[in-house]
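Notes follow once the structure below has been shown.
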Amino acid sequence: MIAPRTTFLKASDRGPTGNHQAKWFVVDAEGMTVGRLATRLATILMGKHRPDYTPHVDTGDYVIVVNADKVRFTGGQMVHPTYPHYTTKMAKKSYQWFTGWPSGQRNIPAINLWEKNPTELLRLAVKRMLPKNALATHMLAKLKLFVGPEHTHQAQQPEPLPAYLLPK
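Oh and the sequence shown: position 93 is 725 in my numbering, straight run, nothing missing.
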């Protein structure tokens with residue numbers, strides 16, 4: 633008996649003409665922990681939740697995240713005048729990048745980044761969990777983050793994220 637062979641998708645198998653149709657999911661991020669939600673979102677964007685996952689082809693699905701500004705970090709609660717989920721971890725955490733120039737290392741505290749762009753906390757967490765290659769840019773483009781409960785992708789008819797894909 634010959635063992636069944638593993639099938640790999642080709643780039644031509646994607647899209648509306650191929651047999652791989654990308655789905656659209658919507659998830660409400662209110663009160664969810666940043667890291668736990670980001671790992672699940674990265675898994676969906678890469679396509680690892682699908683049986684036809686292929687590492688060198690973008691087989692992931694689209695994810696719409698509403699209330700992306702209401703994610704939280706773990707840690708003890710602290711009082712903040714405008715952010716209800718302010719914790720000790722958020723007070724300590726900072727984001728770092730390098731501009732490419734001498735003395736170009738920059739830091740921004742998490743609370744300042746949240747005040748400047750509330751969805752950036754979740755986007756950076758997901759971006760840093762994706763593979764470090766050119767395909768990650770296409771995967772990250774399928775993540776749609778929105779402040780508040782409304783989104784602009786009703787035409788795609790997104791379905792709620794199944795319970796087995798939600799963080800525990």
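Glycine included, every Cβ here is placed at the ideal spot set by N, Cα and C.
**Same chain, Cβ closer than 8 Å to V779, neighbours up to 5 away in sequence not counted** = N699, A700, D701, P750, T751
**Message:** Taking DSSP's pairing of strands, which residues face Q788 in a bridge?
**Reply:** Beta-bridge pairing links Q788 to no other residue.
**Message:** Any heavy atom of the ligand ADP inside 7 Å of the beta-carbon of T731?
**Reply:** Ligands are entirely absent from the displayed structure, and the ligand ADP is therefore not among its contents.
**Prompt:** Nearest-angstrom Cα distance between V695 and R637?
**Reply:** 31 Å
**Assigned exposure category for Y718 - 16 Cβ within 10 Å defines buried** = buried
**Message:** Tell me the rounded alpha-carbon separation between Q789 and W656.
**Reply:** Each residue's Cα considered, the two are about 7 Å apart.
**Request:** Return the first residue and the last residue of the beta strand (DSSP E) that V758 is part of.
**Result:** Premise fails: V758 lies in the alpha helix (DSSP H), 752-759, not in any beta strand (DSSP E).
**Prompt:** Going by alpha carbons, who is nearest to W729 out of I743, A723, K748, L756?
**Reply:** L756
**Request:** Take the Cβ of I676 as the centre, count every other Cβ of all protein chains shown within 10 Å, and call the residue buried at 16 or more, exposed below.
**Result:** buried
**Item:** Separation of Y727 from P734, as counted between CA atoms
**Value:** 19 Å
**Message:** Taking the alpha helix (DSSP H) that K776 belongs to, which residues open and close that run?
**Reply:** Counting along the chain, K776 falls outside any alpha helix (DSSP H), though it belongs to the beta strand (DSSP E) covering 775-777.
**Request:** Determine the closest residue to G707 out of A795, T665, Q653, with distance taken between C-alpha atoms.
**Result:** If we check each option's Cα against that of G707, T665 comes out closest.
**Residues that DSSP places opposite N739 in a beta bridge** = N739 is bridged to Q728.
**Asked** Which residue comes first and which comes last in the beta strand (DSSP E) that contains I634?
**Response** It is not in any beta strand (DSSP E) - I634 carries neither H nor E in the DSSP assignment.
**Where R682 sits in the DSSP three-state scheme** = The DSSP-derived three-state label of R682 is coil.
**Asked** In or out: A768 buried (at least 16 other Cβ within 10 Å) or exposed?
**Response** buried
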